[in-house]
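J.: Here you go, one structure.
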Amino acid sequence: MDREFEFSGVSKRFGTSRALDNLTWEGSGQVVGVLGPNGAGKSTLLQLLGTVLVPDEGGVRIFGLDPTNFTQRLTIRRQLGYLPQTAGLYLGFSAFDLVDYVAVLKEINDRDLRRTEVRRVLIAVGLEADMHRRIRKLSGGMQRRVALAASILGRPRLLVLDEPSAGLDPEQRLRLESVVHLARTHGTVVMSTHHAEEVTALCQQVLVLDRGQVRFDGTPTALAATATGRVWLDDQADPRALRSRGSGNGEVRNIGSPPPGAQLVEPTIEDAYLLLTSEPGVPA
Amino acid sequence: MTNKHLWHVTADELQAYVADVAQTLSAASIEAHLLACADCRATLATVGRSAESTTEAMLRTEALWARVADRVDEPRRPLRSSNRTLHVSLASPPLLAATAGVAATLLVAVGVVSVVSPHWSFPVQLALAPLAPVVASLVAFQPGVDPAGQLAEATPLAGARLPLLRALFATVLSLVSGIAASAFSAMPLNMVALWLLPGVTFAAIIFASATVLNPTRVAAPLMIGWTVLVTDWSRRHRAVLTAETVRNLLTNEAALGWALIGVTFAATVVVYRRRDATPVWRL
Amino acid sequence: MVRTLSDGRSDAELVAAVVERDRGALRELFDRHEPWLSVRLAHRCGDRSVVEEAVQDTFVVVWRNASSFSNDGAVAAWIWGIGIRTLLHAVRPRRPLIERLRAQRMPEAESAEDELLVAVEHGDIGAALRHLSPELRSVIQATVLDGLTCAEAGRLLGIPSGTVKTRMMRAKRELREALI
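Residue numbers (my numbering), protein chains in the order written: chain A, 1 to 284; chain B, 1 to 283; chain C, 1 to 180.
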């Protein structure tokens with residue numbers, strides 16, 4: 001069995017709201033993108049993968065191990081990198097000190113080894129020049145990259161990134177892509193995102209979540225294909241469409257059930273994602 | 001680059017200087033000029049390299065830089081500790097502040113009471129005995145205590161290990177402040193270790209309860225109960241308040257029994273709740 | 001290693017950035033000043049590994065004590081001051097503590113020497129300097145060009161600091177006579 005992670009019938013509630021509802025899912029050895037509107041349960045899903053939450057019902061297995069078992073969870077955490085949505089770093093620390101501290105938590109005990117590794121991850125996220133400045137003095141995007149650097153310490157077998165591109169400018173996003181590509185060479189990457197184009201650029205598998213349930217699980221190409229015959233161009237937003245959005249050249253992409261004779265176009269991942277999350281249909 | 005100099009060193013002159021075959025005087029003026037002229041310094045960098053192959057020179061420079069970088073890339077001094085307990089404790093300003101605050105409270109309280117009413121310095125030190133371990137275990141579980149915030153929660157040291165290391169640090173420091181406070185009160189030094197017993201018991205209970213509910217709700221009644229107990233006991237033994245009676249209080253069968261019950265209860269809860277050592281109350 | 005080519009900041013700006021813990025600025029200073037510093041120190045000491053050690057130490061000192069740079073001086077001269085003293089320290093590592101303390105109290109450079117420095121760069125002093133005897137010339141080199149104090153120059157040349165002073169006076173007198 002080579003599944004890096006498996007969810008079987010997982011539910012998680014917070015008070016009365018259901019964050020995840022009987023979710024079954026698995027994946028391995030790739031970059032997996034998790035798409036979904038706010039409140040769809042993306043963060044909960046990633047927190048379960050990051051072993052910082054346990055499910056109310058159902059089971060999660062990571063590397064075939066049970067994260068609710070104390071010793072097995074330790075084994076998982078030794079091969080895990082987790083970037084939370086908001087890290088809450090001490091601003092008085094320098095980037096280097098902070099990542100070095102996380103390296104201590106990750107049991108990299110030898111000082112020379114630790115320095116080499118800390119430097120490696122900081123250079124990988126593009127903070128070579130700024131690594132000794134206090135986090136307080138860094139821009140928001142840089143602060144986010146400090147947390148990213150800490151999460152890739154020790155080349156984790158499973159890297160869980162909760163909205164890693166939030167707050168990054170386009171250039172920093174390119175840097176993130178190179179980090180993800182590198183991480184993929186030694187493990188599985190699961191990342192949640194708001195940007196469909198990131199899924200196109202990075203992911204081999206994509207999961208669309210909506211209201212705690214899986215709406216789609218497959219390749220990005222297959223996701224785009226679900227909207228075949230459902231996207232048409234027009235001069236203006238079509239009132240019959242479920243969603244309409246500008247395509248940049250003055251025309252409007254309408255998504256939904258096309259009227260007869262409409263000018264159908266090739267769907268993108270974003271079209272398919274919008275279609276999936278706007279129709280109250282059954283899971284794909 | 002600025003060009004304020006009337007003359008510059010020629011490439012040939014620089015070549016001779018680098019190879020150390022220039023006349024003393026020429027070398028001296030070149031050196032003086034180099035100090036002031038960025039252009040000639042830049043030229044020298046290229047001239048110097050023509051002696052060896054470019055890659056060779058670049059490798060040498062990179063190797064030299066790597067040695068500089070190794071010494072520059074060091075954590076700040078308090079974080080340079082190679083001991084893990086020290087490292088994770090010193091990295092947390094709230095923990096340090098809480099520990100120092102508790103130590104100061106103990107010293108000041110016992111010191112002041114020993115002057116005002118020497119008779120009570122002993123009970124006060126006793127009443128404050130569990131303060132350090134209890135506060136430390138409380139602080140160790142607070143979300144803001146870790147410099148890496150939520151990043152720390154998915155690491156191998158997270159869960160119970162990290163708060164344990166921190167509580168250990170604070171307990172050892174409280175032992176030191178306890179010894180210092182003994183100078184004011186009449187507590188004999190060999191009793192100070194015994195003096196930590198209630199604190200360690202309470203800390204164990206707090207650790208166990210942290211897996212189920214907010215540990216503050218457990219710590220507050222424990223501390224209040226202990227203070228009431230000590231006050232009541234001191235009042236009753238007022239006439240014969242000696243080291244012997246304190247030793248008897250701490251080592252009598254009932255006290256040790258309660259400590260044992262507390263620790264056993266704590267251990268049971270921890271084993272039972274092992275499945276989910278993430279503090280539930282925080283979610 | 002991929003690095004952007006030299007940035008447009010001046011040396012003094014780079015030192016100010018190093019104070020703000022800008023590691024990239026230190027790297028830039030290293031790229032600009034390591035070559036000439038290595039060459040010049042190599043002319044003072046034949047042992048290549050000692051020189052490399054001194055260069056390395058110099059930039060570590062630049063990193064740690066960047067705030068001690070006063071903005072009105074030249075960065076290269078400041079770096080040279082650190083470099084030559086580091087080399088001196090490496091060559092004679094076991095200086096007694098009292099001597100080190102005394103060296104710290106001594107004024108960094110004397111104005112007469114500064115004047116001479118300018119003269120060496122611009123003036124027609126060359127011929128006069130060439131006629132000095134080697135031991136006088138080495139004293140001039142150590143004190144005027146390397147900016148060492150009498151005590152430091154004495155240690156570098158292996159002579160008592162009193163001798164440095166008398167040779168310095170003799171050299172100045174001879175130079176003055178030759179120039180008049």
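Each residue gets a CB set at the ideal place from its N, CA and C atoms; glycine is no exception.
DSSP has A:Trp232 in a bridge; who is on the other side?
T.: If you number the first sequence from 1, residue 232 of chain A lands on position 232. A:Trp232 is bridged to A:Asn254 and A:Leu264.
J.: What are the boundary residues of the beta strand (DSSP E) that includes A:Glu6?
T.: As a working mapping, residue 6 of chain A is identified with position 6 in the first sequence. Here the beta strand (DSSP E) through A:Glu6 covers Phe5 to Phe14.
J.: Tell me which same chain residues have a C-beta within less than 6 Å of the C-beta of B:Ala205, skipping the five on either side of it?
T.: Here residue 205 of chain B corresponds to residue number 205 of the second sequence, with the count starting at 1. The sequence given here places Ile at residue 205 of chain B; Ala does not occur at that position. Within the same chain, B:Ile205 has close Cβ partners Gly262 and Ala266.
J.: Is the beta carbon of A:Leu27 sitting closer than 8 Å to the one on A:Thr221?
T.: Taking the first residue of the first sequence as position 1, residue 27 of chain A is located at position 27. Taking the first residue of the first sequence as position 1, residue 221 of chain A is located at position 221. Residue identity check: residue 27 of chain A is Gly in the sequence provided, not Leu. No, the Cβ-Cβ distance between A:Gly27 and A:Thr221 is not below 8 Å.
J.: For C:Arg100, count neighbouring Cβ atoms within 10 angstroms of its own Cβ and tell me buried if that reaches 16, exposed if not.
T.: Numbered from its first residue, the third sequence carries residue 100 of chain C at position 100. Residue placement at C:Arg100 is flagged as unreliable, the pLDDT there being 49, under the threshold of 50; a coordinate-derived value is accordingly withheld.
J.: Using Cβ-Cβ distances below 7 Å, what residues of the region 174-185 of chain A are close to chain C?
T.: none
J.: May I have a chain-ordered list of the alpha helix (DSSP H) segments no shorter than 4 residues that lie completely inside the region 34-67 of chain B?
T.: List check, alpha helix (DSSP H) in window: 38-51.
J.: Under 8 Å between the Cβ atoms of C:Ile82 and C:Val50?
T.: In the third sequence, residue 82 of chain C corresponds to position 82, counting from 1. In the third sequence, residue 50 of chain C corresponds to position 50, counting from 1. Contact: no.
J.: By alpha-carbon positions, which one of B:Pro143, B:Val102 and B:Leu14 ends up nearest to B:Val176?
T.: For the purposes of this step, residue 176 of chain B is taken as the residue at position 176 of the second sequence. It is B:Val102 whose Cα lies nearest to the Cα of B:Val176.
J.: In the DSSP assignment, find the alpha helix (DSSP H) that holds A:Arg184 and state where it starts and stops.
T.: Position 184 of the first sequence, counted from the start, is the residue given in the question as residue 184 of chain A. Pro170 to Arg184 is the span of the alpha helix (DSSP H), which, as asked, contains A:Arg184.
J.: Are the C-beta atoms of A:Asp100 and some chain B residue less than 8 Å apart?
T.: The sequence position of residue 100 of chain A within the first sequence is 100, counting from 1. Interface residue, yes.
J.: Less than 8 Å between the beta carbons of C:Leu87 and C:Arg155, yes or no?
T.: Residue 87 of chain C sits at position 87 when you count from the first residue of the third sequence. Residue 155 of chain C sits at position 155 when you count from the first residue of the third sequence. Not closer than 8 Å, so no.
J.: Is the beta carbon of B:Phe202 closer than 8 Å to that of B:Pro130?
T.: Here residue 130 of chain B refers to the residue found at position 130 of the second sequence. Here residue 202 of chain B refers to the residue found at position 202 of the second sequence. Yes, the pair counts as a contact, with Cβ atoms nearer than the cut-off.
J.: Hey, how far is the Cα of B:Ala91 from the Cα of B:Leu79?
T.: Position 91 of the second sequence holds residue 91 of chain B. Position 79 of the second sequence holds residue 79 of chain B. If I take the Cα positions, the gap works out to 6 Å.
J.: Out of curiosity, what's the CA-to-CA distance linking B:Val134 and B:Glu244?
T.: If you number the second sequence from 1, residue 134 of chain B lands on position 134. If you number the second sequence from 1, residue 244 of chain B lands on position 244. Each residue's Cα considered, the two are about 26 Å apart.
J.: Counting only C-beta atoms, is C:Val60 closer than 8 Å to chain D at any point?
T.: The displayed structure is made up of protein chains A, B and C, and chain D is not among them.
J.: Only counting runs of 4 or more residues, tell me where the alpha helix (DSSP H) segments fall wholly within the region 138-163 of chain A, in order along the chain.
T.: 140-151
J.: Let me know the secondary structure DSSP gives C:Glu174 once reduced to three states.
T.: Here residue 174 of chain C corresponds to residue number 174 of the third sequence, with the count starting at 1. Residue state, collapsed to three classes: helix.
J.: Express the C-alpha separation of A:Arg119 and B:Asp73 in angstroms, rounding to a whole number.
T.: For the purposes of this step, residue 73 of chain B is taken as residue 73 along the second sequence, with counting starting at 1. For the purposes of this step, residue 119 of chain A is taken as residue 119 along the first sequence, with counting starting at 1. Going by the C-alpha atoms only, they are around 8 Å apart.
J.: Any Cβ of chain A within less than 8 Å of the Cβ of B:Arg282?
T.: Within the second sequence, numbered from 1, the residue matching residue 282 of chain B stands at position 282. Because B:Arg282 sits at a pLDDT of 46, beneath the cut-off of 50, its placement in the model cannot be relied upon, and the point is left open.
J.: Quick one: is C:Glu135 near chain B, going by C-beta distance under 8 Å?
T.: Taking the third sequence and counting its residues from 1, one reaches residue 135 of chain C at position 135. Taking Cβ atoms only, chain B never reaches closer than 8 Å to C:Glu135, which makes this a no.
J.: Taking only beta-carbon positions, decide if A:Arg133 is within less than 8 Å of chain C.
T.: Along the first sequence, read from residue 1 onward, the residue named residue 133 of chain A stands at position 133. Closer than 8 Å to some Cβ of chain C, the Cβ of A:Arg133 qualifies, so yes.
J.: Count the other C-beta atoms from every protein chain shown that fall within 10 angstroms of the C-beta of A:Leu113, then say buried if there are 16 or more, exposed otherwise.
T.: As a position in the first sequence, residue 113 of chain A is number 113, starting the count at 1. Exposed, by the Cβ-count rule.
J.: Strictly under 8 Å for the Cβ-Cβ distance: is A:Lys106 near chain B by that measure?
T.: Counted from its first residue, the first sequence places residue 106 of chain A at position 106. With 8 Å as the cut-off, A:Lys106 counts as an interface residue toward chain B.
J.: I'd like the list of long-range same chain contacts for A:Gln85, defined as Cβ closer than 7 Å, with 5 residues on each side in sequence excluded.
T.: As a working note, residue 85 of chain A is residue 85 in the first sequence. These residues qualify, in order along the chain: Ser43, Asp162 and Glu163.
J.: Who pairs with A:Gln205 in a beta bridge, going by DSSP?
T.: Locating residue 205 of chain A in the first sequence gives position 205, where the first residue counts as 1. In the DSSP output, where bridge partners are listed per residue, A:Gln205 has A:Val32.
J.: For the alpha helix (DSSP H) that A:Asp66 lies in, which residues bound it at each end?
T.: On the first sequence, residue 66 of chain A is found 66 positions in, with the first residue counted as 1. A:Asp66 -> no alpha helix (DSSP H), and no H or E assigned at all.
J.: Cβ of A:Arg253 within 8 Å of Cβ of A:Val231?
T.: In the first sequence, residue 253 of chain A corresponds to position 253, counting from 1. In the first sequence, residue 231 of chain A corresponds to position 231, counting from 1. Against a cut-off of 8 Å, the Cβ pair of A:Val231 and A:Arg253 comes out as a contact.
J.: Taking the straight line between their C-alpha atoms, what separation do you get for B:Ser174 and B:Arg77?
T.: Against the second sequence, residue 174 of chain B aligns to sequence position 174. Against the second sequence, residue 77 of chain B aligns to sequence position 77. Whole-angstrom Cα-Cα distance: 23 Å.
J.: So is B:Leu196 buried or exposed if we call it buried at 16+ other beta carbons inside 10 Å?
T.: Position 196 of the second sequence, counted from the start, is the residue given in the question as residue 196 of chain B. So B:Leu196 ends up on the buried side.
J.: Rounded to whole angstroms, what is the Cα-Cα separation between C:Leu29 and A:Ser94?
T.: In the third sequence, counting from the first residue as 1, residue 29 of chain C sits at position 29. In the first sequence, counting from the first residue as 1, residue 94 of chain A sits at position 94. Between C:Leu29 and A:Ser94, the C-alpha separation is close to 21 Å.
J.: Does the distance from the CB of A:Gly33 to the CB of A:Leu274 come in under 8 Å?
T.: Numbered from 1 along the first sequence, position 33 holds the residue referred to as residue 33 of chain A. Numbered from 1 along the first sequence, position 274 holds the residue referred to as residue 274 of chain A. For A:Gly33 and A:Leu274, no; Cβs fall outside 8 Å.
J.: Is the Cβ of C:Leu175 closer than 8 Å to any Cβ of chain B?
T.: To locate residue 175 of chain C, count along the third sequence from 1; it is residue 175. C:Leu175 does not count as touching chain B.
J.: Can you name the residues of chain B whose CB is closer than 8 Å to the CB of A:Leu233?
T.: Taking the first residue of the first sequence as 1, we reach residue 233 of chain A at position 233. Those within 8 Å of A:Leu233 in chain B number zero; the least Cβ separation is about 44 Å.
J.: For A:Tyr82, count neighbouring Cβ atoms within 10 angstroms of its own Cβ and tell me buried if that reaches 16, exposed if not.
T.: Position 82 of the first sequence holds residue 82 of chain A. A:Tyr82 comes out buried.
J.: Note down, in chain order, all residues in the region 109-140 of chain A with a beta-carbon under 8 Å from any beta-carbon belonging to chain C.
T.: Glu128, Ala129, Asp130, Met131, His132, Arg133, Arg134 and Lys137
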